[in-house]
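Asks: My questions will all concern the structure given below.
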Amino acid sequence: MYRIDQIYMDHPYFGYRRMTGSSADQGIQVNCKRLRRLMQRMGLKAIYPKPNLSKRLRAQYTCPYLLRELSIVRPDQVWRIDITYLQMGKGFMYLFNIIDWYSRKVIDYELSSTLEKGFVLRCLKRAFGHRKPEIMNSD
Numbered sequence: 001m002y003r004i005d006q007i008y009m010d011h012p013y014f015g016y017r018r019m020t021g022s023s024a025d026q027g028i029q030v031n032c033k034r035l036r037r038l039m040q041r042m043g044l045k046a047i048y049p050k051p052n053l054s055k056r057l058r059a060q061y062t063c064p065y066l067l068r069e070l071s072i073v074r075p076d077q078v079w080r081i082d083i084t085y086l087q088m089g090k091g092f093m094y095l096f097n098i099i100d101w102y103s104r105k106v107i108d109y110e111l112s113s114t115l116e117k118g119f120v121l122r123c124l125k126r127a128f129g130h131r132k133p134e135i136m137n138s139d
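Residues in the sequence shown are numbered from 1 upward in steps of one, following full-length UniProt numbering.
Printed below as a string of structure tokens:
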């Protein structure tokens, strides 16, 4: 299962058929039915463009992007915050970062092994201790 995860991380667009071929190329013989069952158990699906995703008629409501017409002309006008994860040997580490859009510099960041709100609040308090933005943007 570890090898399947490695192949999937390198090629997330592989389905179970291409994953079987890639495993065979690396000297790992596995039946396609077994590989499909393992991928289902791991929750892995091939990532590919689905049909008609660009049509807006199906959307009930689309939120307007409020910063589209805003010209960012000075530091600390807009900060971007984001949480992402980093895969480690056993599990994940979570990274919270704050970036100034004008200078594209990292204001502050914090790493945590658990996805709890404490590390986010510590990072925000440190950043607000130095300076404050007019707008904070997140997705």
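C-beta: ideal position from N, C-alpha, C; glycine also.
Indicate the three-state DSSP secondary structure (helix, strand or coil) for D76 in the structure shown.
Replies: Within the sequence shown, residue 76 is the residue found at index 76, counting from 1. Correct three-state label for D76: coil.
Asks: Got a sec? Which residues, its chain only, sit under 8 Å from N137 by beta carbon, not counting five neighbours each side?
Replies: One-based indexing of the sequence shown puts residue 137 at position 137. The residues are L67, V78, W79, R80, I81, W101.
Asks: For T20 and L44, which I take to be in contact (beta-carbon distance under 8 Å), what is that distance rounded to the nearest angstrom?
Replies: Here residue 20 refers to the residue found at position 20 of the sequence shown. Here residue 44 refers to the residue found at position 44 of the sequence shown. Not confirmed; about 13 Å, so no contact.
Asks: Would you list, in sequence order, the uninterrupted alpha helix (DSSP H) runs of no fewer than 4 residues that lie entirely inside the region 97–137?
Replies: Counting only runs of 4 or more, we get 117–130.
Asks: Is the separation between the beta-carbon of F92 and that of I83 shorter than 7 Å?
Replies: The count along the sequence shown starts at 1 and reaches residue 92 at position 92. The count along the sequence shown starts at 1 and reaches residue 83 at position 83. It is not a contact, given that the beta carbons lie outside the stated cut-off.
Asks: Over the uninterrupted alpha helix (DSSP H) stretch that includes A24, give me the two end residues.
Replies: For the purposes of this step, residue 24 is taken as the residue at position 24 of the sequence shown. Residues 16–25.
Asks: Hey, how far is the Cα of E69 from the Cα of Y109?
Replies: Here residue 69 is taken as the residue at index 69 of the sequence shown, counted from 1. Here residue 109 is taken as the residue at index 109 of the sequence shown, counted from 1. Approximately 28 Å, taken between the alpha carbons.
Asks: So for D10, helix, strand or coil by DSSP?
Replies: As a first step, residue 10 must be located in the sequence shown, where it is residue number 10. Note: D10 maps to helix in three-state DSSP.
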